[in-house]
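Colleague:
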């Protein structure tokens with residue numbers, strides 16, 4: 001429903017009751033009644049008819065900027081209402097990998113749903129290449145990726161994620177404060193399967209080294225259990241390992257292999273309002289955390 005303030009501004013802009021009625025889809029008599037009601041509300045005549053059309057009275061000139069400001073504010077309010085209602089029953093599809101789904105996403109989703117409780121989320125686990133393809137093919141709205149593993153896709157860097165070596169507590173290398181990739185080449189490696197691009201293998205290759213791969217496993221928690229069973233060691237991301245220091249030996253790697261985690265999307269302009277709002281929410285939260 002259009003308010004009397006918006007109708008008044010439209011009449012002044014159109015220069016006639018007839019044109020304003022056509023523009024707004026109202027009858028001319030309805031427009032006249034709305035203006036009359038506004039004049040009664042303010043207790044003064046606002047519009048006067050002239051030979052060449054309509055004009056503002058002296059009081060009308062004084063009231064006009066205030067009525068115009070109310071009309072603009074009402075339009076903004078209606079737009080915001082449409083935007084917020086646009087999140088109702090919306091679904092945000094996200095492609096991600098374990099370290100993000102374990103540490104970053106849960107608190108962000110919880111905080112976001114406090115503001116927009118009727119938003120739904122679909123989380124798909126994958127690796128860098130598959131997630132990037134999901135974004136390109138519109139199978140997900142947002143995707144977490146490693147910048148070195150993807151290209152030709154819109155993204156915003158979030159943070160650096162460092163890798164660490166993980167052993168059983170009784171492993172000989174657990175006595176060292178740090179380990180090198182050279183030392184690790186002699187140990188049976190349970191390789192984290194990161195898809196077409198492996199940060200671990202790239203780190204070894206950059207040093208001219210070849211690791212002794214015993215297993216290649218996609219799931220981080222399967223790797224953790226295999227380490228517990230003494231099947232080998234692994235190189236995993238710091239965020240995944242958070243909180244496991246009591247049961248495993250986790251050591252920094254001197255060469256500090258790492259990935260640059262970014263949030264990606266297909267096209268910011270065509271991204272749904274719900275997904276764009278959550279993307280902005282993520283970027284703002286990460287920026288604020290970095291400032292602390």
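In the UniProt record's numbering, the protein residues as written are 1 to 292.
We put the CB at the ideal spot given by N, CA and C, even for glycine.
#1: With burial defined as no fewer than 16 other Cβ atoms inside 10 Å of the residue's Cβ, what is the status of residue 61: buried or exposed?
#2: DSSP state of residue 61, grouped into three classes?
#3: Taking DSSP as the reference, what is the three-state secondary structure of residue 139?
#4: Starting from residue 215, trace the beta strand (DSSP E) both ways and give me its first and last residue.
#5: How would you call residue 90, buried or exposed, if buried means at least 16 neighbouring beta carbons within 10 angstroms?
#6: Using a Cβ-Cβ cut-off of 6 Å (strictly less than) and excluding sequence neighbours within five positions of residue 264, which residues of its own chain qualify?
#7: CA-CA distance, residue 87 and residue 121?
#8: Using a Cβ-Cβ cut-off of 6 Å (strictly less than) and excluding sequence neighbours within five positions of residue 127, which residues of its own chain qualify?
#9: Give every residue of the same chain whose Cβ lies closer than 6 Å to the Cβ of residue 20, excluding the five residues on either side of it in the sequence, and list them in chain order.
#10: Per the contact definition of three or more C-beta pairs closer than 8 Å, is the stretch 165-172 in contact with the stretch 213-230?
#11: Is the beta carbon of residue 46 less than 8 Å from the beta carbon of residue 4?
#12: The alpha helix (DSSP H) spanning residue 105 covers which residue range?
#13: Per DSSP, residue 167 forms a beta bridge with which residues?
#14: Assign residue 234 to one of three DSSP states: helix, strand, or coil.
#15: Could you please give the first and the last residue of the uninterrupted beta strand (DSSP E) stretch that includes residue 124?
#16: Taking the alpha-carbon positions, what's the residue 40 to residue 273 distance?
#17: Rank 49, 236, 7 by C-alpha distance to the C-alpha of residue 64 and give the top, closest one.
#18: Which word fits residue 266, buried or exposed, when buried means at least 16 other C-beta atoms lie within 10 angstroms of its C-beta?
#19: If we call anything under 8 Å between Cβ atoms a contact, is residue 254 one with residue 180?
#20: Do you know how far the Cα of residue 158 is from the Cα of residue 287?
#21: Using the Cα positions of residue 110 and residue 282, report the straight-line distance between them to the nearest angstrom.
#22: Tell me the DSSP bridge mates of residue 156?
#23: State the Cα-Cα distance for the pair residue 256 and residue 114, rounded to the nearest angstrom.
#24: Under the assumption that residue 200 contacts residue 192 (Cβ atoms under 8 Å), give the Cβ distance between them as a whole number of angstroms.
#25: Please confirm whether residue 163 and residue 237 have their CB atoms less than 8 Å apart.
#26: Alpha carbons only, please: which of 220, 259, 232 is nearest the one belonging to residue 240?
#27: Could you give the uninterrupted runs of the beta strand (DSSP E) lying entirely in the stretch 170-197, keeping only those of 3 residues or more?
Modeller: The answer reads as follows:
#1: exposed
#2: helix
#3: coil
#4: 212-217
#5: buried
#6: 135, 143, 145, 153, 155
#7: 12 Å
#8: 194, 195
#9: 10, 11, 14, 31
#10: yes
#11: no
#12: 105-115
#13: 249
#14: strand
#15: 120-125
#16: 41 Å
#17: 7
#18: buried
#19: yes
#20: 8 Å
#21: 12 Å
#22: 263
#23: 38 Å
#24: 6 Å
#25: yes
#26: 220
#27: 188-192
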